[in-house]
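The structure under discussion appears below in the form of structure tokens.
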Amino acid sequence: MISRVVITKFTRLCTGYNLLPHYSFKLRLNNSTYCLLPNCGGEYCNFQHLLINCPSLSIQRSQLKILFSTSDINFSVIDAPPTDKVNIIKDTLYFILQSGLQI
Numbered sequence: 057m058i059s060r061v062v063i064t065k066f067t068r069l070c071t072g073y074n075l076l077p078h079y080s081f082k083l084r085l086n087n088s089t090y091c092l093l094p095n096c097g098g099e100y101c102n103f104q105h106l107l108i109n110c111p112s113l114s115i116q117r118s119q120l121k122i123l124f125s126t127s128d129i130n131f132s133v134i135d136a137p138p139t140d141k142v143n144i145i146k147d148t149l150y151f152i153l154q155s156g157l158q159i
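Be aware that the sequence shown starts at 57, since it is given in my numbering, and climbs by one per residue.
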């Protein structure tokens with residue numbers, strides 16, 4: 057079973073209504089929509105950026121890709137992890153939380 061906190065955070069990530077810079081800028085909680093992580097080229101910081109593009113998370117992303125492949129999920133074409141795989145939801149959420157950004 058997944059806790060309500062995990063479901064809430066995962067839903068926020070998938071819908072875009074979260075505290076990552078791309079959306080928090082719209083709420084006037086942040087001065088920029090760009091990624092704040094070191095070594096990043098200044099792309100919009102949303103869920104897809106962190107999951108697929110952000111160079112600061114490349115090591116963690118390679119570990120997440122392994123977890124996806126063991127669950128027969130093609131990581132390269134994914135917009136959001138499947139909701140029927142509890143472990144994938146938790147691992148994806150943990151991956152994003154490792155960035156240090158608020159969700």
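Cβ atoms here follow ideal geometry from the backbone N, Cα and C, with glycine treated the same way.
Legend entry - Exposure of Y73, with buried meaning 16 or more beta-carbon neighbours within 10 Å: exposed
Legend entry - Simplified DSSP state of Y150, which is helix, strand or coil: helix
Inset, instruction - Check whether the Cβ atoms of I58 and I129 sit closer than 8 Å, and answer yes or no. - result: no
Legend entry - Those residues which DSSP pairs with Y100 across a bridge: Y90
Legend entry - First and last residue of the uninterrupted alpha helix (DSSP H) at C70: R60 to T71
Inset, instruction - Quick one: residues in its chain with C-beta nearer than 7 Å to the C-beta of L69, no 5 flanking neighbours on either side, listed in chain order? - result: F103, I152 and I159
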